[in-house]
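First to last, the protein sequences are chains A and B.
Our numbering puts the first residue of the first sequence at 1, with every later residue one more than the last.
Our numbering puts the first residue of the second sequence at 270, with every later residue one more than the last.
Virtual Cβ for every residue (Gly too), placed ideally from N, Cα, C.
Owing to the predicted nature of the structure, the values given are computational and were not obtained by experimental measurement.
Each remark here refers to the structure printed beneath this line.
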Amino acid sequence: MADIVVDSHVHLGPTLQNHSSPLEFDAVTGKATVAALDEAGIDVGIAFAPLYEGGKFDDADYKLANYAIAQACAEFPDRFVGYARVNPNRRKAAIDEYKHCLDDYKLRGLMLHPDWESFYPTNQSLLWPLAELCAEYKVPMTFHVGYYPKCQPMLFIPLAEAFPTVPIYLKHIGYEYWRDAVIMATRYENVYLETAGASTSGEILAAIRWAGANKVCYGSDLPYCLPAVVIKKIESLPIPDEDKALVLGLNSARLNNIPLRKAAKAVVR
Amino acid sequence: MIIDAYAQMGPGIANHASQLIIPMHDTSTPEGLIAIMDRIGIDRSIVFAPKWVGGRFVDPDYVQSNRYVADAVKQHPKRLVGCARVNPNYGADAVKELERCLGEYGFKGVMLDPEWENFHPGDTALVYPLLEIARAKKAPVVFHSWYAPSEPALFWKVATDFPDLQIVIAHMGGRLTVDAALIAERAPNLNLETSDHMYRLGPFAKRLGVRRILFGTNTPFAAPEAELYKVTVRKDLTSEEKDLILGGNAARLYGLG
Numbered sequence: 001m002a003d004i005v006v007d008s009h010v011h012l013g014p015t016l017q018n019h020s021s022p023l024e025f026d027a028v029t030g031k032a033t034v035a036a037l038d039e040a041g042i043d044v045g046i047a048f049a050p051l052y053e054g055g056k057f058d059d060a061d062y063k064l065a066n067y068a069i070a071q072a073c074a075e076f077p078d079r080f081v082g083y084a085r086v087n088p089n090r091r092k093a094a095i096d097e098y099k100h101c102l103d104d105y106k107l108r109g110l111m112l113h114p115d116w117e118s119f120y121p122t123n124q125s126l127l128w129p130l131a132e133l134c135a136e137y138k139v140p141m142t143f144h145v146g147y148y149p150k151c152q153p154m155l156f157i158p159l160a161e162a163f164p165t166v167p168i169y170l171k172h173i174g175y176e177y178w179r180d181a182v183i184m185a186t187r188y189e190n191v192y193l194e195t196a197g198a199s200t201s202g203e204i205l206a207a208i209r210w211a212g213a214n215k216v217c218y219g220s221d222l223p224y225c226l227p228a229v230v231i232k233k234i235e236s237l238p239i240p241d242e243d244k245a246l247v248l249g250l251n252s253a254r255l256n257n258i259p260l261r262k263a264a265k266a267v268v269r
Numbered sequence: 270m271i272i273d274a275y276a277q278m279g280p281g282i283a284n285h286a287s288q289l290i291i292p293m294h295d296t297s298t299p300e301g302l303i304a305i306m307d308r309i310g311i312d313r314s315i316v317f318a319p320k321w322v323g324g325r326f327v328d329p330d331y332v333q334s335n336r337y338v339a340d341a342v343k344q345h346p347k348r349l350v351g352c353a354r355v356n357p358n359y360g361a362d363a364v365k366e367l368e369r370c371l372g373e374y375g376f377k378g379v380m381l382d383p384e385w386e387n388f389h390p391g392d393t394a395l396v397y398p399l400l401e402i403a404r405a406k407k408a409p410v411v412f413h414s415w416y417a418p419s420e421p422a423l424f425w426k427v428a429t430d431f432p433d434l435q436i437v438i439a440h441m442g443g444r445l446t447v448d449a450a451l452i453a454e455r456a457p458n459l460n461l462e463t464s465d466h467m468y469r470l471g472p473f474a475k476r477l478g479v480r481r482i483l484f485g486t487n488t489p490f491a492a493p494e495a496e497l498y499k500v501t502v503r504k505d506l507t508s509e510e511k512d513l514i515l516g517g518n519a520a521r522l523y524g525l526g
């Protein structure tokens with residue numbers, strides 16, 4: 001139904017093998033992940049590293065993981081948009097790694113997890129240099145949102161104001177703070193909501209009604225979650241088909257310069 | 270047989286129009302609910318009043334809503350299973366209302382919402398008298414579970430204090446599914462209902478045992494198609510296991526023929 005389906009939240013890479021909890025898919029390689037995308041009818045996955053939780057693959061600075069994303073993008077350029085993931089606490093090393101990802105790997109965005117990596121989104125010394133690179137390269141940032149005290153949506157106010165040209169995705173529609181995340185998306189033109197995983201269909205509908213269908217982007221959290229179920233939630237909502245198309249893919253296609261198939265082009269707002 | 274263990278119906282639905290989470294379908298009447306059931310392929314629904322959020326229909330003690338559910342069940346006995354909803358903060362009046370629901374109305378279960386009604390599930394003065402009535406009638410008690418004070422941990426002591434009462438933790442504990450699963454593993458009378466839960470249903474069900482998982486939709490506040498699909502799409506559950514989750518377990522717990 002949708003013109004293009006873009007999953008704004010896909011994890012892949014070798015460090016998934018460190019995870020003790022069961023996964024829905026094998027997403028260690030680009031090839032395996034493409035099979036999961038195909039199964040759910042996803043055209044393009046925005047892919048970044050899973051969280052590093054120790055184990056056999058030693059990759060606390062995400063270098064191995066970013067390399068895997070680069071490989072997947074090189075192998076399947078039509079199926080993946082790759083984002084870098086870094087730990088901002090590494091300071092210069094994190095900035096260097098991100099620059100390496102942009103210049104050498106041609107990755108097209110930055111994923112950060114303030115709770116897991118332990119930093120405040122208000123921390124200018126750690127975060128602003130990375131955001132400046134996003135502004136310079138005209139690429140989005142995407143953040144895990146949800147969990148006190150480092151991931152409440154309101155903590156992103158200074159970042160959204162300081163970098164008005166950088167699209168900022170708030171993942172999981174802010175989890176337990178989904179109402180606050182919706183407020184952020186209504187207040188800031190550059191703030192978008194992403195539906196990954198735990199967002200309920202009621203919350204997704206509320207986000208679309210209050211922030212607008214042009215501010216909500218489908219994401220699944222693959223391989224922790226079945227993307228087909230998240231898509232089904234969005235398709236089942238009592239909203240116009242053109243709004244579903246925006247949420248399922250057109251918004252993220254626009255934000256990430258993903259080319260549309262010919263039929264879809266007329267629908268873009 | 271597919272049984273929805275978590276459906277909401279009655280005149281209180283209309284009050285929700287101004288809320289952040291709005292009804293996706295009009296289930297203010299039994300016909301509205303049954304139309305959705307027919308469309309999705311649900312045979313029976315365990316039905317209770319939506320939370321009272323203020324508005325034109327004034328019913329904070331759920332007395333009118335329960336009577337409405339009772340009438341609906343009388344009209345559609347093959348499709349709807351009545352479930353009482355009471356507000357424990359009404360004390361003796363809540364006790365009286367629950368007795369009427371499980372007696373005169375013949376309801377099969379009880380739904381309590383600690384988050385909305387703002388009570389502690391382990392409150393021995395307000396909640397335990399209600400649980401005693403449910404136990405005497407062999408009626409399962411469904412607790413909404415999401416934000417505090419309805420997080421899964423709070424049902425652990427309740428389950429231990431009422432070992433012969435079947436308790437259903439709705440939404441698999443919301444975003445605290447791992448907590449819910451850890452506690453349910455240690456309290457055999459705890460069951461988990463699936464609506465609005467998202468991550469890794471199959472592995473959770475397998476680990477706890479599929480007999481402890483009940484399919485629910487949270488109609489009309491969630492998309493029922495997606496809630497059903499979430500179970501049917503899984504490749505790690507056999508069709509027998511899916512049958513139990515989709516209806517067999519609810520039939521056993523609620524004594525439905």
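Chain B contact residues for residue i, given Cβ-Cβ distances below 8 Å
i, result
"Cys79(A)", "The sequence shown places Arg at residue 79(A), not Cys. What Arg79(A) touches in chain B: nothing, since even the nearest Cβ is about 22 Å away."
"Val229(A)", "Met467, Ala495, Tyr498, Lys499, Val502"
Same chain only: Cβ atoms within 8 Å of residue i, ignoring 5 sequence neighbours per side
i, result
"Asn387(B)", "Asn358, Pro418"
"Ala266(A)", "Bear in mind that a pLDDT of 41 at Ala266(A), under 50, signals an unreliable position, so the number given afterwards is only what the model happens to contain. Excluding sequence neighbours, Ala266(A) sits near nothing in its chain."
"Tyr67(A)", "Tyr105"
"Cys134(A)", "Gly109, Leu110, Pro140, Met141, Phe163, Val166"
"Val529(B)", "Since the displayed chain B opens at 270 and closes at 526, residue 529(B) lies outside it and no answer follows."
"Leu371(B)", "Ala353, Val379, Ile402, Ala403, Lys406, Ala408"
Neighbourhood of residue i by C-beta distance below 7 Å, restricted to the same chain and skipping five residues each side
i, result
"Pro432(B)", "Asn458"
"Ala198(A)", "His172, Tyr175"
"Phe326(B)", "Pro280, Gly281, Ala283, Asn284"
"Val280(A)", "Only positions 1 to 269 of chain A appear in the structure, and residue 280(A) is not among them; the question remains open."
"Ala339(B)", "Gly351, Tyr374"
"Tyr468(B)", "Thr446"
Coarse secondary structure for residue i, derived from DSSP in three states
i, result
"Lys233(A)", "helix"
"Thr142(A)", "strand"
"Thr122(A)", "coil"
"Phe317(B)", "strand"
"Leu459(B)", "strand"
"Tyr275(B)", "strand"
"Lys265(A)", "With a pLDDT of only 41 at Lys265(A), under 50, the local geometry of the prediction cannot be trusted, and no value is derived from it."
"His11(A)", "strand"
"Tyr359(B)", "helix"
"Cys370(B)", "helix"
"Met380(B)", "strand"
"Thr507(B)", "coil"
"Leu51(A)", "coil"
"Tyr169(A)", "strand"
"Arg469(B)", "coil"
"Leu248(A)", "helix"
"Cys217(A)", "strand"
"Phe163(A)", "coil"
"Gly485(B)", "coil"
Residue i: contacting residues in chain A (beta-carbon distance under 8 Å)
i, result
"Leu423(B)", "Neighbours of Leu423(B) on chain A: none; closest Cβ ~16 Å, over 8 Å."
Where residue i meets chain A, residues with beta-carbon distance less than 7 Å
i, result
"Glu494(B)", "Lys232, Ser236"
"Arg444(B)", "Tyr175, Glu176, Ala198"
"Leu459(B)", "Per Cβ cutoff of 7 Å: no residues; Leu459(B) is ~21 Å from chain A at best."
"Ala439(B)", "Under the 7 Å cutoff, chain A gives no residues; its nearest Cβ is about 12 Å from Ala439(B)."
"Ala491(B)", "Thr200, Ser201, Gly202"
Same chain, Cβ closer than 6 Å to residue i, neighbours up to 5 away in sequence not counted
i, result
"Ala519(B)", "Ile272, Ala274, Leu483"
"Tyr278(A)", "No answer is possible for residue 278(A): the residues shown for chain A start at 1 and end at 269."
"Met270(B)", "Asp312, Gly516"
"Asp43(A)", "Ile4, Val5"
"Phe490(B)", "Ile290"
"Val182(A)", "Ala207, Trp210, Ala211"
Per-residue contacts from residue i into chain B (C-beta, under 7 Å)
i, result
"Leu226(A)", "Val502"
"Pro270(A)", "What the structure shows of chain A is the stretch from 1 to 269, and residue 270(A) is not part of that stretch, so it cannot be assessed."
Under 9 Å from the C-beta of residue i: neighbouring residues of chain B
i, result
"Arg179(A)", "Leu289"
Worksheet item: Using a beta-carbon distance cut-off of less than 8 Å, what residues from the stretch 318 to 341 of chain B approach chain A?
Response: Of all residues in the stretch 318 to 341 of chain B, none has a Cβ within less than 8 Å of some Cβ in chain A.
Discussion item. Counting only Cβ-Cβ distances shorter than 8 Å, please list the residues of the stretch 185 to 208 of chain A near chain B, keeping chain order.
Written reply: Per Cβ criterion, the list reads Gly197, Ala198, Ser199, Thr200, Ser201, Gly202, Glu203, Leu205, Ala206.
Worksheet entry | Secondary structure, beta strand (DSSP E): runs of 3+ residues fully inside the stretch 184 to 215 of chain A | Listed in chain order, they are 191 to 194.
Worksheet entry | chain A contacts from the stretch 291 to 305 of chain B (Cβ-Cβ distance under 8 Å) | Cβ contacts with chain A come from Ile291, Met293, His294.
Worksheet item: Where are the alpha helix (DSSP H) runs, 4 residues long or more, that stay fully inside the stretch 15 to 39 of chain A, in chain order?
Response: Correct list: empty.
Fill in: beta strand (DSSP E) runs wholly inside the stretch 65 to 129 of chain A, at least 3 long, in chain order
The DSSP assignment places 80 to 82, 110 to 112 as complete runs of the beta strand (DSSP E) inside the stretch 65 to 129 of chain A, in order along the chain (cut-off: 3 residues).
Item to complete: Could you list the residues in the stretch 273 to 289 of chain B with a C-beta less than 8 Å from some C-beta on chain A, going in chain order?
Response: The stretch 273 to 289 of chain B vs chain A, Cβ under 8 Å: Leu289.
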